Each structure stands twice: as C-alpha cells, then as structure tokens.
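Visitor: Right, I'll just put the structure down here and ask away after.
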Amino acid sequence: MKSIDSFDFKNQKVLVRVDFNVPLDENFNVTDTNRIEAAKPTIDKIVNDGGVAILMSHLGRPKGERNDKYSLRHIVSKTEEILGKKVTFVTDCVGATAETAVAASKPGDIILLENLRFYAEEEKGVEAFSKQLADLADFYVNDAFGTAHRAHASTTIVAKYFGEKKCFGYLLAKEIESLNKVLNSTEKPVTAVLGGSKVSSKITIIENILDKIDHMIIGGGMTFTFIKALGGKIGNSICEDDKLELALDILKKAKEKNVQIHLPVDILAADAFAADANVQIVPANEIPDGWQGLDVGPKTLESLKPVVAESKIILWNGPLGVFEMEKFANGTIELGNFIAEATKNGTFSLVGGGDSVAAVKQFGLAPKMSYVSTGGGAMLEMLEGQVLPGIKAIQE
Ligand code: AMP
C-alpha cells in the first residue's frame, strides 16, 4: 500500500472523497468544523504539490433529490476560512457543469462539488454515475472514514476507474493505523471499555475483540443485563431480558480466553430517569425496586483506576452512564480523566463509535486522548472485524 506521501500531485486533477457532512444551525452556519479541519492536511498536500483538489461529499439525507437545505454551498465560506484558500463551488457533482469547472481549473485550485446525494445513484453505487465522477480526475483519494463502511459510488465504486492512481488520505490512513494499533497490538495489557445502552448493539464487537484484549471494563446501561444474569437485583434499570443467556455466555468466553471482566461494584441509582431525580449510591447487585442505575459509583471508579493506569492500549467505546445529564456524567468524566492520565504516561488511547466521542468532546477530554475517531458506524464495523468496502476498494 502506497501512502499519500509517495505521490506527487503536480498537474494532477485529484478527486477527493471528504466527509463534509457537518452539522448546520437553522441559519446554515456550521456548528462543528472538526470534519473540515480533519480533511485539511490531505487537501493541503494536493494543492501544495501543484494539483487540483476536487472535493466531493454528501451532506445530510436529501434522498436523491436536489434540495437547497442540503446544499454544500452553505459550507463554502467556512471551508475557505479553515483552508485559508479560495474554494470554487460547483452547483453539480457530475455532468457539463462539473466538467467545465474542472477544465477551467489551474494547479493549486480547490473545487467543491455539490452534494453527491442529490443523485440517488450515489448511495446505490451506480457504475455509470461513478464513472462520471471518475472522468473528472486523474487520481482518486479517499479521506472519508465516516462513510468508508458504505459501498457508495464516491466511496467505493469510483476507485476501480483509477488503477494504481488511488490512495487513502491522511485522515483515513490515521484511522486505520489507530485501529490496527488496538486490534493487532503486541503490547500488553490491552483494555477495552465498553459502555452505552445495550449489549445487543455491542455483541459482535465483544465477540471480535475478546481474542485481542486482556481487560474488558463494562459500564453504561448494558451493565444491568450482566448483573441480572448473575442473579443481582437491578430495580428499574435498563435491561435486555432476552440477552441474559448471552451475557453469561460472554462472561464464560472471557474466562476461557483469560480476559478479566470488570463490572461495576456500586451504582448511582435514581428514582426517575430525570436530571432532577433523587439519587443514592447502592451496591450494583442491590438496586432497590423503583430505582434505576444511571451511572457507576465511586468504588467502581476507584477499582478501575489502576486497571486503566497499567494498560498500554485502551479502546473506549460507549459512556459509563447517562452523561447527557450532569448528575450522571461523573463516571464517564472520571474514566476519561484516568485515560487522559494514562495517555500522558505513554498509553495509546483510542476513542471511537458514536456517543463516547460526543462525551469526550463535551468534557474537553478529546485533546487528551491519543486518537478520537471521526467515524461512528465505520469504526463500529471495523471493531466487529468487518472489512470496510471503502478501504478494500483502495487496497485492491
Ligand atoms: P450507545 O449508543 O449504545 O453507545 O449508548 C449511548 C447511550 O447510552 C447514551 O445516550 C447514554 O445516555 C446511555 N446510557 C448510558 N448509561 C445508561 C444507563 N445506565 N441507563 C440508561 N442509558 C444509559
């Protein structure tokens, strides 16, 4: 696999799949610029080499129809501000309009094509549409990890028209490298922290990573399926009653594979799922009737501290409690602080998959982690052991 650094893009027209699917407020202002910033190194490399960067992305879910609400024109000025360069917006992603704009471009130019998903062909991965995109350029770079698990025209199908003239951008390469560091680590111990609401949504991940880790810290709502399966009293806590056998099976498999499981020993229980609920700390297996566990307790955190501190590699997926409410955010924040401390001391920490990313950002912990993944679903599928079509298409 050749890295982007081994290519010189001088006088090359480079089609770059970026993930500019950024959140906008009601006045179409970009409210989180992370994804644009994350694509900057790749775009800089292309234009600094003297190539033309032809950026393509989706925004929202326009469902195959033109809809100004989802036009990428809304993000042009923010993108120019972040890149520090002029960006030429083109009102179509294929056809005569796009072709004319590309033909008129000069080395060092940046072109942003209109939303790919204005065409239903994008998500369907239609070949003719992919070919139209490919015809715009000499070289293809995929730098959109967030959509790498989709076999769409711009993320996967388009790659086959470029032969050897294709590669990952810096961001996608870094995502793959970070995940490989965790899943194929030679350093030990490796710890996975799995939180979030349900066992069922994490089961494939758990099964895939049991062979690769030494410790599994379980938190969040899925705790209670395990505790109940072990005979504990969980009150009104969230529980998947049809997954009790599965929970026991996971515990058995973990034992066979010498993976130490850390379940909470105490719980912050509430008398309602509400920000102003009454709360008490109770043993994790003695939650009173009418109460529900919404965060881990202090003894649990104390016991997790050395486990985290001694880990060489940490993967964190899912919050330890209902962090969206201040009263139940402590476990997630404290665990984040432990991981931040370990990271400072040389541990490699990877945070990924949906809500844990939101949590580390909300609590200012993101800069203290080794790597925070930009792709929710894509990250989860990689953790499940799947080969992502967008990644395979570049490697083939
Ligand atoms: P997931 O998308 O599966 O990672 O789940 C994330 C969600 O789990 C967050 O919105 C949390 O509020 C929620 N969560 C975490 N702990 C609990 C809990 N003890 N009870 C109910 N929901 C929880």
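Counting from 43, one number per residue, gives the positions in the sequence shown under this note's numbering.
For glycine and all other residues, C-beta sits at the position ideal for the given N, C-alpha and C.
What you are looking at is a predicted structure, and each value in this text was computed from that prediction instead of being measured.
1. Measuring CA to CA, which of Thr130, Ala95, Asn157 is closest to Pro149?
2. Have a look at Gly418 and Leu125 and give me their C-alpha separation to the nearest angstrom.
3. Is the beta carbon of Ala384 sitting closer than 8 Å to the one on Val350?
4. The ligand AMP and Phe268: does any heavy atom of the ligand fall closer than 7 Å to the residue's C-beta?
5. Return the chain-ordered ranges of every alpha helix (DSSP H) run that is complete within the stretch 160 to 193 and spans a minimum of 4 residues.
6. Beta-carbon separation of Met258 and His304 under 8 Å?
7. Leaving out five residues before and five after Leu155 in sequence, what residues of the same chain have Cβ atoms less than 7 Å from its Cβ?
8. Which residue wins for smallest C-alpha separation from Glu287, given the options Ile88, Leu272, Lys299?
9. Going by other Cβ atoms of all chains shown within 10 Å of its Cβ, with 16 needed for buried, is Val429 buried or exposed?
10. Is it the case that the stretch 315 to 330 contacts the stretch 371 to 387, given that we only count it when at least three CB pairs across the two stretches are under 8 Å?
11. Give the DSSP-derived three-state secondary structure of Thr75 in the structure shown.
12. Find the nearest neighbour of Val301 within the set Ala138, Thr228, Asp253, Lys173, judged by alpha-carbon distance.
13. Please state the DSSP three-state secondary structure of Asp134.
14. Find the nearest neighbour of Pro361 within the set Met421, Val338, Ala435, judged by alpha-carbon distance.
15. Give, in chain order, every unbroken run of the beta strand (DSSP E) that is at least 3 residues long and sits entirely within the stretch 251 to 328.
16. Closer than 7 Å to a non-hydrogen atom of the ligand AMP - does that hold for the CB of Phe365?
17. On a CA-only basis, which of Phe405, Ser391, Ala145 is nearest Glu376? Give me that one, please.
18. Between Leu290, Lys354, Ile309, which has its C-alpha nearest Leu343's C-alpha?
19. Quick one: give me the first and last residue of the alpha helix (DSSP H) that Asp397 is part of.
20. For the ligand AMP, I want to know if Ser239 counts as a neighbour, meaning its beta carbon is within less than 7 Å of at least one of the ligand's heavy atoms.
21. Leaving out five residues on either side along the sequence, give the residues of the same chain with a beta carbon under 6 Å from the beta carbon of Gly167.
22. What do you reckon, is the C-beta of Leu336 under 7 Å from a heavy atom of the ligand AMP?
23. Going by the C-beta, is Ile46 closer than 7 Å to any heavy atom of the ligand AMP?
24. Please report the residue range of the alpha helix (DSSP H) in which Gln497 lies.
25. Please give me, in chain order, every unbroken run of the alpha helix (DSSP H) with length at least 4 that falls completely inside the stretch 354 to 426.
26. Taking C-alpha atoms, which residue in Gly277, Lys240, Gly274, Lys275 lies nearest to Ile260?
27. Start and end of the beta strand (DSSP E) containing Ala234?
28. By the DSSP assignment, the beta strand (DSSP E) with Leu57 in it spans what residues?
29. Could I get the ranges of all uninterrupted alpha helix (DSSP H) runs contained in the stretch 83 to 159, with 4 residues as the minimum, in chain order?
30. Is the beta carbon of Ser243 within less than 7 Å of some heavy atom of the ligand AMP?
31. Could you check the C-alpha separation between Lys128 and Val402 for me, to the nearest Å?
32. Less than 8 Å between the beta carbons of Gly464 and Arg59, yes or no?
Guide: Per the coordinate set shown:
1. Ala95
2. 25 Å
3. yes
4. no
5. 162 to 166, 169 to 176
6. yes
7. Ile96, Leu97, Met98, Val132, Cys135, Ala140
8. Leu272
9. exposed
10. no
11. coil
12. Asp253
13. coil
14. Val338
15. 257 to 260, 302 to 304, 308 to 312, 321 to 325
16. yes
17. Phe405
18. Ile309
19. 397 to 404
20. yes
21. Ala193, His194, Ala195, Ile199
22. yes
23. no
24. Absent from the model: residue 497. The displayed extent of the chain is 43 to 438, so no value can be given.
25. 372 to 386, 397 to 404, 418 to 425
26. Lys240
27. 232 to 236
28. 55 to 59
29. 118 to 125, 137 to 145
30. yes
31. 33 Å
32. Residue 464 lies beyond the stretch modelled for the chain, which goes from 43 to 438, so this question has no answer here.
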